[in-house]
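Structure first, then comments.
In this note's numbering, the protein residues as written are 860 to 1110.
Set out below in structure tokens:
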């Protein structure tokens, strides 16, 4: 990476309540022009009338089909998703399925994997019986917010998966993740550790700022806790237990 500089956040990536935060992104990224983000705060530099707002054209929603449409609806191209639950329930397996669906149908996906090595991810893909899309890329070395930003700066990707926020050294106060999302207006899907009660670890800002929040009702069954594009309480079966310690992949 280029030499990092401690630079105050620009107004374009300013956090709620006008707080200022110092980020350790590479200088070139801090000074790069920001693409307009139609899905987040700070997208416009001045107030606009309701009439002007209603005349504006926004990016089309993603036209999900089948089980993905039932589970998530039709999200914005710049959706933000947070997944959290106790260990061993299938967070990474769900993300692999979802990332491959996006890559097959909607564009390039980058999957930052900092919890498992290449062999384990290959085993998970084999277990899910996925045929990996050529639009799905994995990165096993970018393990800091700065390194992730460096990869996203290429502009190649429409969707970003991070497994996990803690292993990628994001602060629990959500400031670095918020700035990253504002800098790069693409879809984000992030896994977060849970606390002992099974709830998202760290600041509640993660859940307030995300469009979709997912947990697991039980091992292998994802459920929506929050969804700005669809119903709350919808379930998605990633895998199921047939007998103790025997897993079965769902279609």
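Idealized CB from N, CA, C, for every residue including glycine.
Note that the structure is a prediction, hence the values are computed from the model and not measured.
Mind checking residue i: buried by the 16 CB within 10 Å criterion, or exposed?
i	result
residue 1015	exposed
residue 1097	buried
residue 918	exposed
residue 977	exposed
residue 981	exposed
residue 1005	buried
residue 1094	exposed
residue 979	exposed
residue 1023	buried
Of all the options the options, which has the alpha carbon lying nearest to the alpha carbon of residue i?
i	options	result
residue 934	1078, 1048 and 993	1048
residue 959	1074, 915, 986 and 993	993
residue 1046	1067, 1071, 1017 and 925	1017
residue 938	1092, 926, 1040 and 1074	1040
residue 923	955, 907 and 962	962
residue 946	1086, 1087, 1053 and 1093	1053
residue 1029	966, 1001 and 1067	1001
residue 1090	926, 911, 912 and 951	926
residue 940	948, 1019 and 911	1019
Can you look up residue i in the DSSP assignment and give me helix, strand or coil?
i	result
residue 1093	coil
residue 1046	strand
residue 996	strand
residue 989	coil
residue 900	The predicted position of residue 900 is uncertain, since its pLDDT is 43 and thus under 50; a value taken from the coordinates is nonetheless stated next. If DSSP states are grouped into helix, strand and coil, residue 900 belongs with coil.
residue 1038	helix
Can you find the residues in the same chain that come closer than 6 Å, C-beta to C-beta, to residue i, ignoring five residues on each side of it along the sequence?
i	result
residue 1021	971, 1027 and 1049
residue 930	1093 and 1095
By Cβ distance below 7 Å, which residues in the same chain neighbour residue i in space, the five residues on each side in sequence not counted?
i	result
residue 950	942, 944 and 1050
residue 921	933, 934, 936 and 965
| Runs of beta strand (DSSP E) wholly within the region 952–977 (minimum 3 residues, chain order) | The DSSP assignment places complete beta strand (DSSP E) segments of no fewer than 3 residues inside the region 952–977 at 968–972, in order along the chain.
| request: Jot down the residue ranges of each uninterrupted beta strand (DSSP E) in the region 1006–1033, minimum 3 residues, whole runs only, in chain order. | output: Runs of beta strand (DSSP E) with 3 or more residues, each lying fully within the region 1006–1033, are found at 1018–1022, listed in chain order.
| Considering only residues of the region 905–947, which uninterrupted alpha helix (DSSP H) runs meet the minimum length of 4 residues and lie entirely inside it, listed in chain order? | Fully enclosed alpha helix (DSSP H) runs of 4 or longer: 909–914 and 925–931.
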